[in-house]
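Trainee: One structure, as structure tokens, below. Some questions next.
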Amino acid sequence: MKIDVLGVSFDNVTMDDAVRLGMELLDSPGADTVVTPNPEIVMACRKDPELMSAVNSASLVLPDGIGVIYGAKILGTPLSEKVPGADWAERMFCEMAKFGKSVYFLGAKPGVAEAAAENMSKKYPGLVIAGTHDGYFNDDGSVAEAINDASPDLLLVCLGSPKQEKWMSANKGGLNVRLMAGLGGSLDVYAGTVQRAPESWRRLNLEWLYRLMKQPSRLGRMLKLPWFLIVVVWKRIFRK
Ligand code: UDP
16 MKIDVLGVSF
26 DNVTMDDAVR
36 LGMELLDSPG
46 ADTVVTPNPE
56 IVMACRKDPE
66 LMSAVNSASL
76 VLPDGIGVIY
86 GAKILGTPLS
96 EKVPGADWAE
106 RMFCEMAKFG
116 KSVYFLGAKP
126 GVAEAAAENM
136 SKKYPGLVIA
146 GTHDGYFNDD
156 GSVAEAINDA
166 SPDLLLVCLG
176 SPKQEKWMSA
186 NKGGLNVRLM
196 AGLGGSLDVY
206 AGTVQRAPES
216 WRRLNLEWLY
226 RLMKQPSRLG
236 RMLKLPWFLI
246 VVVWKRIFRK
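Right, dumping it as structure tokens:
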């Protein structure tokens with residue numbers, strides 16, 4: 016079932032559902048896409064029809080973060096739970112490892128995808144790393160060729176938003192992959208170059224505060240969250 020939050024159609028799924036559906040998509044032909052919008056991306060979609068269309072045409076639209084969950088609740092159409100993209104992908108790796116499925120890491124600064132690959136292959140023995148490529152390139156064609164040569168089951172596209180959603184939408188016709196997911200800074204997390212909030216902070220839904228403390232330069236981006244909530248409340252009151 017889909018739930019509309021300011022124009023973005025989220026899948027109303029739990030983490031377990033999202034992993035099961037992801038695994039099903041790995042076995043279905045064609046390159047499906049997964050996107051993980053947070054409030055910042057939802058707000059960007061409202062101003063950018065190309066981004067909105069790339070997001071809403073994905074096979075799975077997962078609510079990344081507590082802001083979207085609050086937004087859906089305020090609108091009177093609650094979503095089951097938050098499904099952070101980095102956690103979803105790790106759950107996928109765990110399942111994929113059981114079947115010897117492969118993943119390709121595209122994105123982040125040179126060296127990061129390789130470090131992420133090393134860490135994830137140690138953590139999930141059986142997971143096949145089909146290849147890696149950094150996220151700072153000009154020629155889509157040669158990157159698509161490298162991915163097709165590796166023909167992974169899953170492709171992580173970690174180029175930041177809106178670049179990753181638009182890149183997936185533009186390139187999916189020419190890619191020999193089963194599933195691709197736009198996952199922002201996840202490779203930095205897997206590589207250990209960015210620390211995620213400790214579990215206790217995450218349980219209290221304070222991951223955003225931890226990130227802000229570690230990277231104060233994100234303040235401008237994070238101010239989109241209160242603005243998102245104001246627009247949601249406005250919608251709820253005036254039903255516009
Ligand atoms: N990035 C990239 N190519 C670019 C711009 C960004 O690979 O042209 C990477 C960047 O190095 C970082 C990720 O995209 O690893 C974006 O991280 P951010 O923290 O902004 O994403 P979030 O997790 O907040 O969505």
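In our numbering, the protein residues as written are 16 to 255. Heads up, the beta-carbon is just placed ideally off N, CA and C, and yes, glycines get one too.
Rounded to the nearest angstrom, what separates VAL118 and LEU170 at their Cα positions?
Mentor: If I take the Cα positions, the gap works out to 6 Å.
Trainee: Excluding the 5 residues flanking ALA130 on each side, which residues of the same chain have their C-beta closer than 6 Å to its C-beta?
Mentor: Correct list, in chain order: ALA206.
Trainee: How is ASP154 classed by DSSP in three states: helix, strand or coil?
Mentor: Coil at ASP154, not helix or strand.
Trainee: Compute the Euclidean distance between the alpha carbons of TRP103 and ALA46, then round it to the nearest angstrom.
Mentor: Answer to the nearest angstrom: the Cα atoms are 18 Å apart.
Trainee: Given 8 Å as the limit, tell me if CYS173 has its C-beta closer than that to any heavy atom belonging to ligand 1.
Mentor: Yes.
Trainee: Cα-Cα, which of LEU90, ALA73, PRO99 and PRO64 is closest to ILE81?
Mentor: Measuring from the Cα of ILE81, the nearest candidate turns out to be PRO99.
Trainee: Where ALA33 and LEU77 are concerned, what is the direct C-alpha to C-alpha distance, given to the nearest angstrom?
Mentor: So the alpha carbons of these two residues sit roughly 8 Å apart.
Trainee: Bridge partners of ASP19, per DSSP?
Mentor: ASP19 pairs with SER24.
Trainee: Would GLY115 and GLY141 qualify as a contact pair, given that the criterion is a beta-carbon distance under 9 Å?
Mentor: Going by C-beta atoms, GLY115 is nearer than 9 Å to GLY141.
Trainee: Would SER95 and VAL28 be called neighbours here (beta carbons separated by less than 9 Å)?
Mentor: Yes.
Trainee: Note the first and the last residue of the continuous alpha helix (DSSP H) segment covering GLY100.
Mentor: Note, GLY100: alpha helix (DSSP H), 100-113.
Trainee: Tell me, which residues are paired with TYR205 by DSSP?
Mentor: Its beta-bridge partners do not exist; DSSP assigns none.
Trainee: Starting from ASP31, trace the alpha helix (DSSP H) both ways and give me its first and last residue.
Mentor: Unbroken alpha helix (DSSP H) run through ASP31: 30-41.
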